[in-house]
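A short worksheet on the structure shown next.
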Amino acid sequence: MKAVQKLIHFVKPYWFKSLLSFLLLVAVVILDLAIPRLVQRIIDDGIAQQNMPVVLQTSLIMLGISLLSALFAIGNNNFSIWVSESLARDLREALFLKIQSFSFGNLDRLKTGQLMVRLSSDTAAFQRLVQVTLRIGTRAPMLMVGSLILMFNTASRLAFTMLPLLLVVAVVIAFFSIKMGPLFMTVQEKLDRLFNVLQENIAGVRVVKAFVRADHEEARFEDANEDYTNRNIRVMQFMSSMSPSLSIFINIGIVIVIWAGGLQAIRGDISTGQIVAFVNYLQTTMGPLMIMVMLANTWAAGMVSARRINEVLDAVPEVQDAPSAPALPVSAHPEVAFENVTFRYNGSTDHAVLRDIALSAQPGQTVAILGSTGAGKSTLVNLIPRFYDVSAGQVTVNGNDLRGVMQDSLLAHIGIVPQETILFSGSVRDNIRYGRPAATDEEVMAAAQAAQAHDFILDLPEGYDTHVEQRGVNLSGGQKQRIAIARALLVRPAILILDDSTSSVDVETETKIQAALGEWMRDRTSFVVAQRISTVLKADKIIVIEKGRIAASGTHRELMQSSPVYQEIYASQLGNGLALDESPAEA
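Going from the sequence shown to the working numbering is simple: count from 1 and add 345.
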């Protein structure tokens, strides 16, 4: 219930409609509780006394009450649906905005499939909990309490006879309620696993086909699907056993009432109408119990989902602005420095991805980062936009520790082409100006020309207005990379980060891109991560990363003379293609 209480504030904006829904529900309950009394009047004062006017008059009153109850119930349903749907919308938005605020560290731990379940299944489960509570879930306990009071008011001795049975029913319901929470938590965890497998396969379907692993992935999905189904079956079977169990107690109660009430009626202590009214109130007491048991799975699932939703909403972004952090005053020529930086993922204490990194990029310099796969190149440049916070040391821009400035102000001065190219559904033009929506068409084309993307864009069916399909599936890898480069260039950043951004283009196109980028990068501090050594030859400074440490640093000429590691990389890729006395430009 604590998890549910933490989400109640999402209902507060709709308190008036919630109150109207509740008041209409109270009116429905009062009207429903009046019906057995009217039935008693028809039997005792009408039929028993052979008074037809009383029978007709009371019957018309019952019809009027039923009509009014139906109108109130419709109003209650409409308001409760409006409140629950609005709450679900706000909750999805809150979760989405929270996920947007997460740092890379949070996203490393929370899998995509898990977040999808929180936004879809868990939100829907909590929505159902609210809707049911505003409708049947509140009506049932009010009917039960009201009927119990009227049972004592109608025939107190008969009501005391029923107390032991009602206590047994309460114990049975408590048993089932306690068991349901953990069961539904397990079901949602199995659903998490199913969604993770599904998301991975949809995203990697081309890899699956390329490696002929459809059978393997089918087995993985079948295992997760079967596991979820079996767990769900067990939970539903457990839930379904409650209704028959309570039906037995209802029938036992009716038998007791008829037997004990019949004896009292024979003695003249109670009328036939009272017995009929008492049976109606007994069914109205036990009926809501049946309803509450049937809805217990909705409540249990909603409370479990509320807890899981709170796990996301309560998660604290690992990278946060310091209190009253100022904006970063970035000049046109920023200096970026790493001062004895050590970094570990997820606060690990035993494995450092980067160790004692000390380097600086002077204003206007291009720093190339070279190294084998897994050496820590991408991690290094991810510290500049503060996607992660350093574990030790500091990263500075013009002497300002990045942990002491607003992250948004830092990112406003950085253009990034990530290792994994991400495009969004929309036109090519919209993808290029994603970082600057107000950019003119001329600026978009200039950025595309610098990224060597302009020509192939013009060859597309609708040029810059060509629709980019989901994840850019209608474009080649090289085309997507060039659009991503154009997107980064368009924001005219003071700091440019190219993370292996030309790995999918041919060498000739890469050469053209480098030549065009030379003009754009002249006044910017740039970091270029590369696998190809040909990409880094013209850099002002080349950093060779090996096992998380800087193994060598210098220009191409300096490293060719002083660094065995760099010489080995060079020889493995270019052989004797460049003599030591040749300039990088001649390469």
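Cβ atoms here follow ideal geometry from the backbone N, Cα and C, with glycine treated the same way.
Range of the contiguous beta strand (DSSP E) that encloses residue i
{"i": "Phe688", "result": "681–688"}
{"i": "Arg894", "result": "894–899"}
{"i": "Ser871", "result": "870–875"}
{"i": "Ser705", "result": "699–706"}
Limits of the unbroken alpha helix (DSSP H) element including residue i
{"i": "Arg731", "result": "That residue, Arg731, is in no alpha helix (DSSP H); it is neither H nor E in DSSP."}
{"i": "Arg579", "result": "559–585"}
{"i": "Ala792", "result": "786–795"}
{"i": "Glu663", "result": "Unbroken run through Glu663: none, as it is neither H nor E."}
{"i": "Ser446", "result": "397–446"}
{"i": "Ile830", "result": "822–835"}
{"i": "Phe471", "result": "468–479"}
{"i": "Val881", "result": "Note, Val881: premise wrong, no alpha helix (DSSP H); not H, not E."}
{"i": "Val773", "result": "773–777"}
{"i": "Arg463", "result": "Note, Arg463: premise wrong, no alpha helix (DSSP H); not H, not E."}
{"i": "Leu452", "result": "449–454"}
According to DSSP, residues forming a beta bridge with residue i
{"i": "Ile759", "result": "Ile840"}
{"i": "Gly716", "result": "Ile890"}
{"i": "Gln739", "result": "Glu684"}
{"i": "Val373", "result": "Answer is none; Val373 lacks a bridge partner."}
{"i": "Thr294", "result": "There is no way to answer for residue 294, as the model of the chain reaches only from 346 to 932."}
{"i": "Asp746", "result": "Thr741"}
Rounded C-alpha distance that separates residue i from residue j
{"i": "Leu923", "j": "Val852", "result": "Note on Leu923: pLDDT 46, under 50, position unreliable in the model; no value is reported."}
{"i": "Pro381", "j": "Val602", "result": "15 Å"}
{"i": "Ala515", "j": "Ile388", "result": "32 Å"}
{"i": "Leu334", "j": "Pro486", "result": "Here the chain covers residues 346 to 932 and nothing more, so residue 334 does not appear."}
{"i": "Phe566", "j": "Asp560", "result": "10 Å"}
{"i": "Gln350", "j": "Ser363", "result": "16 Å"}
{"i": "Phe449", "j": "Asp666", "result": "15 Å"}
{"i": "Glu647", "j": "Gln533", "result": "Glu is not the amino acid found at residue 647; the sequence shown has Gly there. Approximately 11 Å, taken between the alpha carbons."}
{"i": "Ala469", "j": "Glu430", "result": "9 Å"}
{"i": "Ala896", "j": "Arg689", "result": "19 Å"}
{"i": "Glu765", "j": "Ile830", "result": "12 Å"}
{"i": "Gln445", "j": "Asp885", "result": "36 Å"}
{"i": "Lys524", "j": "Ile599", "result": "29 Å"}
{"i": "Met530", "j": "Ala348", "result": "13 Å"}
{"i": "Pro929", "j": "Lys883", "result": "Low per-residue confidence applies at Pro929: pLDDT is 42, beneath 50, and the placement is therefore not dependable enough to give any value."}
{"i": "Met407", "j": "Ser650", "result": "42 Å"}
{"i": "Ala605", "j": "Ile375", "result": "28 Å"}
{"i": "Tyr359", "j": "Ile611", "result": "55 Å"}
{"i": "Asp926", "j": "His678", "result": "Reliability fails at Asp926, whose pLDDT of 42 lies under 50, so the model's placement of it is uncertain and no value is given."}
{"i": "Phe471", "j": "Val477", "result": "10 Å"}
{"i": "Leu432", "j": "Phe361", "result": "14 Å"}
{"i": "Gln459", "j": "Asn570", "result": "15 Å"}
{"i": "Val881", "j": "Ile914", "result": "12 Å"}
Neighbourhood of residue i by C-beta, 7 Å cutoff - its chain only, sequence neighbours within 5 removed
{"i": "Gln619", "result": "Gln385, Thr499, Ala500"}
{"i": "Gln707", "result": "Glu680"}
{"i": "Tyr626", "result": "Pro381, Ser492, Leu495, Met496, Thr499"}
{"i": "Thr811", "result": "Ser772, Val773, Leu805"}
{"i": "Leu413", "result": "Leu376"}
{"i": "Glu684", "result": "Ala703, Gly738, Gln739, Thr741"}
Three-state secondary structure (DSSP) of residue i
{"i": "Ile353", "result": "helix"}
{"i": "Lys886", "result": "strand"}
{"i": "Val513", "result": "helix"}
{"i": "Val910", "result": "helix"}
{"i": "Glu891", "result": "strand"}
{"i": "Asn541", "result": "helix"}
{"i": "His812", "result": "strand"}
{"i": "Leu925", "result": "Any answer about Leu925 is weak, because its pLDDT of 40 lies below 50 and its placement is not dependable; what the coordinates show is given next. Leu925 falls in the coil class under three-state DSSP."}
{"i": "Gly721", "result": "coil"}
{"i": "Ala930", "result": "Low confidence applies to Ala930: its pLDDT is 43, below 50, so where it sits in the model is not reliable, and the reading given next is rough at best. Correct three-state label for Ala930: helix."}
{"i": "Arg781", "result": "coil"}
{"i": "Asp800", "result": "helix"}
{"i": "Met751", "result": "coil"}
{"i": "Glu534", "result": "helix"}
{"i": "Ile858", "result": "helix"}
{"i": "Leu488", "result": "helix"}
Residues near residue i by beta carbon distance below 8 Å, same chain, minus five either side
{"i": "Val517", "result": "Met587, Ser590, Leu591, Phe594"}
{"i": "Ile392", "result": "Val400"}
{"i": "Gly899", "result": "Lys886, Ile887, Ser907, Ser908"}
Sequence-distant residues of its chain with Cβ nearer than 6 Å to residue i (five each side left out)
{"i": "Gly721", "result": "Val698, Leu699, Ile890, Gly893"}
{"i": "Val836", "result": "Gly760, Gly780, Arg781"}
{"i": "Met751", "result": "Asp666, Ala670, Ala672"}
{"i": "Met872", "result": "Here residue 872 turns out to be Phe, not Met, going by the sequence shown. So the list reads Val712, Val726, Ile842, once near-sequence residues are dropped."}
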